[in-house]
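I have placed the structure first, in the form of structure tokens, so that the comments after it can refer back to it.
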Amino acid sequence: MKRSSFGLAILGLLVMMFAGGEVQAEGQDVKGKLRVVREVEGEKEGEKNVEEVWGQVPKKWDVSRYTFREYIDPDTLKCPYPENWEAMDAVAKRRWWVDFNMSKAFDEWQEATLMAQIARKRYVVDFQRDSFEVKSVEPGRYEFVVSYLMFEEGASSSTWVGDLKMTIDVEGEGDVDLGVVDVVKKPYVLVGEEAPDFEVEDLLDETKVVKLSDYRGKYVLLDFWATWCGPCLAQTPHVKKAWEAFKGGGKFAVIALSGDREREKALEYVKKEGLDFTQVFLGGKREKGDPRNAYQVNTIPSIWLIGPDGKVLAKQLYGERIYKVVKEYVGK
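In terms of our numbering, the sequence shown opens at residue 11 and continues consecutively.
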């Protein structure tokens, strides 16, 4: 039981953590305003700028983690790799790591890392939707980290939607006003936001281009799918049901976006099922401008309903919920 001494060290550190708590000593107050921004491509290649999304953090965002703690130079916590680490091949690196993991040096490094983390000064953060304040901060360098999560309707788990991370120096006298601090929104499209426009190739006619913006004024059901995806094919009857029920009114459209590697397979399925709504071909490989990137489609099926104003009304629709939600909006 080689790890017994290390386990006792961890237990001791946990006791220290619960016994200590946050610091509330005499010092300076640190405060700032919060706004939500997103990264946008700059004029130069690789350049990133930000633009404001909201003037304050939305109510539906929950603060899942916020920390105002003493800064630690990352170099002090680095793993003590050998000097020739970069020159070692994969086999040698694995062998070194196995040996190191069973050594006393590993225990010492882990214990030192935990000690450094837990010994950090920490402060209580008073959060509001558009501001924050930390009271009585002693002079020093600090790390301020905030992560935001939210639950969307119909989702089985929360989504990481925004964060901020910054280093703050508290020195001199008087309170520290950081002004406006940016919470960077992740490239994730939320219900109620503008649906990203796209311009993609029609499945049936390679010379034709399909643009989402051309459907403005209509409700649009987006269906990201592929023939190799069983759950995708299971949604076909539900998508067809919604299409057949509401296609006659002139205010509803369906755009199915195939991720098949081979166009012929998607064409064959579309013809076999008699799908007479708009079909586009994305292909198996993602390129710049691929709507799967803009909509953060990492798994399929992924079915969305876009409103006449171009905003997302619902997402992650499956089974009977497809028809139910379409009817709720289009059948009014």
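Cβ coordinates follow ideal geometry from the N, Cα and C atoms, glycine included.
Would you mind stating whether residue i and residue j have Cβ atoms separated by less than 7 Å?
{"i": "Val280", "j": "Val220", "result": "no"}
{"i": "Tyr81", "j": "Glu183", "result": "no"}
{"i": "Tyr158", "j": "Val147", "result": "no"}
{"i": "Phe256", "j": "Val340", "result": "yes"}
{"i": "Glu162", "j": "Val201", "result": "yes"}
{"i": "Glu204", "j": "Lys321", "result": "yes"}
{"i": "Lys70", "j": "Met176", "result": "no"}
Suppose you measure from the CA of residue i to the CA of residue j; what does that come to, to the nearest Å?
{"i": "Gly31", "j": "Leu315", "result": "Here the model assigns Gly31 a pLDDT of 49, short of 50, so the residue's position is not dependable, and the following value carries that caveat. C-alpha separation (whole angstroms): 47 Å."}
{"i": "Leu285", "j": "Asp224", "result": "20 Å"}
{"i": "Val335", "j": "Tyr328", "result": "10 Å"}
{"i": "Phe137", "j": "Val199", "result": "25 Å"}
{"i": "Gly37", "j": "Val67", "result": "28 Å"}
{"i": "Ala115", "j": "Arg151", "result": "29 Å"}
{"i": "Arg226", "j": "Gly259", "result": "15 Å"}
{"i": "Lys298", "j": "Val230", "result": "23 Å"}
{"i": "Ala266", "j": "Gly317", "result": "16 Å"}
{"i": "Val307", "j": "Pro206", "result": "12 Å"}
{"i": "Glu96", "j": "Lys103", "result": "9 Å"}
{"i": "Arg105", "j": "Glu93", "result": "15 Å"}
{"i": "Asp83", "j": "Gly65", "result": "33 Å"}
{"i": "Val262", "j": "Lys337", "result": "Reading off the sequence shown, one finds Phe at residue 262, where the question assumed Val. Approximately 10 Å between the Cα atoms of the pair."}
{"i": "Met125", "j": "Val180", "result": "23 Å"}
{"i": "Glu3", "j": "Gly240", "result": "Because the chain in this structure spans residues 11 to 342, residue 3 falls outside the shown range and cannot be described."}
{"i": "Gln127", "j": "Lys342", "result": "57 Å"}
{"i": "Arg302", "j": "Trp107", "result": "38 Å"}
{"i": "Asp109", "j": "Tyr91", "result": "12 Å"}
{"i": "Met112", "j": "Thr169", "result": "37 Å"}
{"i": "Glu118", "j": "Lys131", "result": "22 Å"}
{"i": "Asp72", "j": "Glu274", "result": "45 Å"}
{"i": "Glu283", "j": "Asp319", "result": "31 Å"}
{"i": "Cys89", "j": "Glu49", "result": "32 Å"}
{"i": "Asp187", "j": "Lys295", "result": "47 Å"}
{"i": "Gln120", "j": "Ala304", "result": "40 Å"}
{"i": "Gly215", "j": "Gln326", "result": "Contrary to the premise, residue 215 reads as Asp rather than Gly in this sequence. One C-alpha to the other measures close to 28 Å."}
{"i": "Val264", "j": "Arg139", "result": "38 Å"}
{"i": "Ala324", "j": "Ala129", "result": "46 Å"}
{"i": "Asp85", "j": "Pro197", "result": "30 Å"}
{"i": "Asp300", "j": "Glu211", "result": "11 Å"}
{"i": "Lys250", "j": "Ser74", "result": "40 Å"}
{"i": "Lys218", "j": "His248", "result": "27 Å"}
{"i": "Asp99", "j": "Gly189", "result": "49 Å"}
{"i": "Val101", "j": "Tyr76", "result": "40 Å"}
{"i": "Leu222", "j": "Pro149", "result": "54 Å"}
{"i": "Lys228", "j": "Glu278", "result": "28 Å"}
Just to confirm my understanding: we take residue i, look at its own chain, exclude 5 residues before and 5 after, and list those with CB closer than 8 Å. What are they?
{"i": "Gln245", "result": "Asp233, Trp235, Pro311, Ile313, Tyr328, Gly329 and Ile332"}
{"i": "Val47", "result": "Val60, Glu61, Glu62, Val63, Asp192, Val193, Val194 and Lys195"}
{"i": "Ser141", "result": "Lys41, Gly42, Lys43 and Leu44"}
{"i": "Ala276", "result": "Leu213, Ala236, Thr237, Ser268, Asp270, Gln289 and Phe291"}
{"i": "Asp185", "result": "Gln38, Asp39, Val40 and Lys41"}
Check the DSSP bridge columns for residue i and list the partner residues they point to.
{"i": "Ser223", "result": "Beta-bridge pairing links Ser223 to no other residue."}
{"i": "Trp235", "result": "Ser268"}
{"i": "Phe137", "result": "Phe142"}
{"i": "Gly42", "result": "Phe142"}
{"i": "Leu159", "result": "Asp72 and Trp170"}
{"i": "Glu153", "result": "Arg79 and Thr177"}
{"i": "Ala324", "result": "Leu315"}
{"i": "Tyr333", "result": "Answer is none; Tyr333 lacks a bridge partner."}
{"i": "Tyr204", "result": "Here the sequence assigns Glu to residue 204, which means Tyr is not the residue at that position. Glu204 pairs with Lys321."}
{"i": "Glu209", "result": "Lys221"}
{"i": "Tyr229", "result": "Phe262"}
{"i": "Phe194", "result": "Just to set this straight, residue 194 is Val in the shown sequence, not Phe. Looking at the DSSP assignment, Val194 forms a beta bridge with Val47 and Asp173."}
{"i": "Val199", "result": "Answer by DSSP bridge pairing: none, since Val199 is not bridged."}
{"i": "Val186", "result": "Val40"}
{"i": "Val147", "result": "Gln38"}
Please work out which residues of its chain come closer than 6 Å, Cβ to Cβ, to residue i, disregarding the five sequence neighbours upstream and downstream, and give them in chain order.
{"i": "Val144", "result": "Val40, Phe78, Tyr133 and Val135"}
{"i": "Gly293", "result": "none"}
{"i": "Ile178", "result": "Tyr152 and Phe154"}
Considering only residues of the same chain and omitting the five flanking positions on each side of residue i, which have a CB-CB separation below 7 Å?
{"i": "Cys242", "result": "Trp235, Ala236, Ile310 and Pro311"}
{"i": "Leu174", "result": "Val156, Val191, Asp192, Val193 and Val194"}
{"i": "Leu87", "result": "Thr123 and Ala126"}
{"i": "Ala252", "result": "Leu231, Ile332, Tyr333 and Val336"}
- Item | Every unbroken beta strand (DSSP E) inside the stretch 242-306 [3 residues or more] | Runs of the beta strand (DSSP E) inside the stretch 242-306: 262-268 and 288-291.
- Message: List, from N- to C-terminal side, the beta strand (DSSP E) runs of 3 residues or more that fit wholly inside the stretch 49-131.
- Response: 58-64 and 72-80, all fully within the stretch 49-131.
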